[in-house]
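Comments concern the structure below.
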Amino acid sequence: MHSSATFLIEFGAIILGLGLLGRFAGRFQFSPIPLYLLAGLAFGEGGLLPLGTSEEFVAIGAEIGVILLLLMLGLEYTATDLVSNLKTQYPAGLVDAALNALPGAAMALLLGWGPVAAVVLAGVTWISSSGVIAKVLGDLGRLGNRETPVILSILVLEDLSMAVYLPIITALLAGAGLAAGSATLAIALGVAGLVLVVAVRYGRHLSRFVSSDDPEKLLLVVLGLTLLVAGVAQQLQVSAAVGAFLVGIALSGEVAEGAHGLLSPLRDLFAAVFFVFFGLHTDPASIPPVLLPALALALVTAGTKIATGYWAAKRAGISAKGRWRAGGTLVARGEFSIVIAGLAVTSGIEPRLGPLATAYVLILVIIGPLTARFTEPVATRLTGRLRREPTATVAGTPPDRDLVPSPDAPVEK
């Protein structure tokens, strides 16, 4: 009875604290992710007040949080989105991967962490935060800008790449020998590919099976199916997150819309628990030794993200100001970087990787909204290329929000 009461007190305090932190972040219009990470650091190993009885439940909640994050991402995309983005925007995706993954891999090798840690840190520095970027675009009133579809296309390609990347690092982190590791990787990629084909070809049938006019039944079926597929995927070394992501892609139409509305509060709750859990397993004393590498990596990859957005927007025929805005908006890292680092921390390949990833995300999740707002005016001033805005053909049309996009402009997701 005493342990049960202690659990309720601890877990209730965690949820209440997260709610208050979220309200504080919302009042000042920035992402609550760094506050959640700091809360985990405060109450984890080496923190101010380590948790006791509720930590095991928090660990389970964190795993569910990752699954729901990827499910909700999958619900944002249809098979049409998948095919069109891969066909039209793959060059931007390749440039994005090369410019932003290589610095992370190089840093891990320079620190002597080995090739597996290099692949993990490459993913941490590669993937931008869709959640933070979407919020920034809304806050800055840029959802109608011509560069926004370019930004969204890059984010879509990054999210889709997770379906291939996560099975790779799952197999690598398993620590098997070369032959066994190759076999595990082949099985993982084969299963992921098979599930993806089924999702694309038979998604409508699955949506009809899941569909229900009763919100309660829809919630239970979608959540149960997602957890079931995630568990099977993890058993096959594919990664539970990939299984959840593919379920989200398979669901479409009214089912996806309804499930999105029902699952959003659960996603927010368990995702917050996930960030706290990651912080719980990072000793605050381990961050200062890796702070300088994290800061250097953050500065380098902020620059490479800006270059990525600039190049992709230029390729789409966007004006110079729009190119700088696209690049500055892509800088923020967040949930996916922590998900990837969390897999490595669980496997125990490199004890310093978790602290470095925490410091790296904390830096860029704070800098990201600032670069989104100020990259374009600063770049314009430094280059000295102040241009007059073109005369709008329709009254009230803002700069770089042409009513008819260029033929090369990417399709918005």
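For what it's worth, our numbering labels the leading residue of the sequence shown as 15, then goes sequentially. All C-beta atoms in this analysis are idealised placements derived from N, C-alpha and C, irrespective of residue type, glycine included.
Between residue 375 and residue 348, the CB-CB gap stays under 8 Å. The three-state secondary structure of residue 296, taken from DSSP, is coil. For the 8 Å CB-CB criterion, residue 362 and residue 295 do not form a contact. Distance from the Cα of residue 273 is smallest, within the candidate group 240, 239, 346, 233, for 233.
Residue 350: member of the alpha helix (DSSP H) spanning 349-361, first to last residue. Its Cα nearest to that of residue 237, the residue 261 stands out among 218, 261, 256. Fully contained in the segment 228-265 are the following alpha helix (DSSP H) runs of length 4 or more, in chain order: 229-249, 254-264. For residue 390, the enclosing alpha helix (DSSP H) begins and ends at 367-397. In terms of Cα proximity to residue 135, the closest of 352, 386, 384 is 352. Along the segment 78-166, the alpha helix (DSSP H) occurs as fully enclosed runs of 4 or more residues at 93-124, 129-140, 144-153, listed in sequence order. Residue 74 sits away from residue 255, with the two beta carbons spaced by 8 Å or more. Assigned with DSSP and collapsed to three states, residue 74 falls in helix.
In terms of Cβ geometry, residue 325 and residue 109 form a close pair [threshold 8 Å]. Residue 332 sits in coil when the DSSP states are folded into three classes, being neither helix nor strand. Per DSSP, residue 344 lies in no alpha helix (DSSP H) and is assigned neither H nor E. For residue 44, the secondary structure class from DSSP, reduced to helix, strand or coil, is coil.
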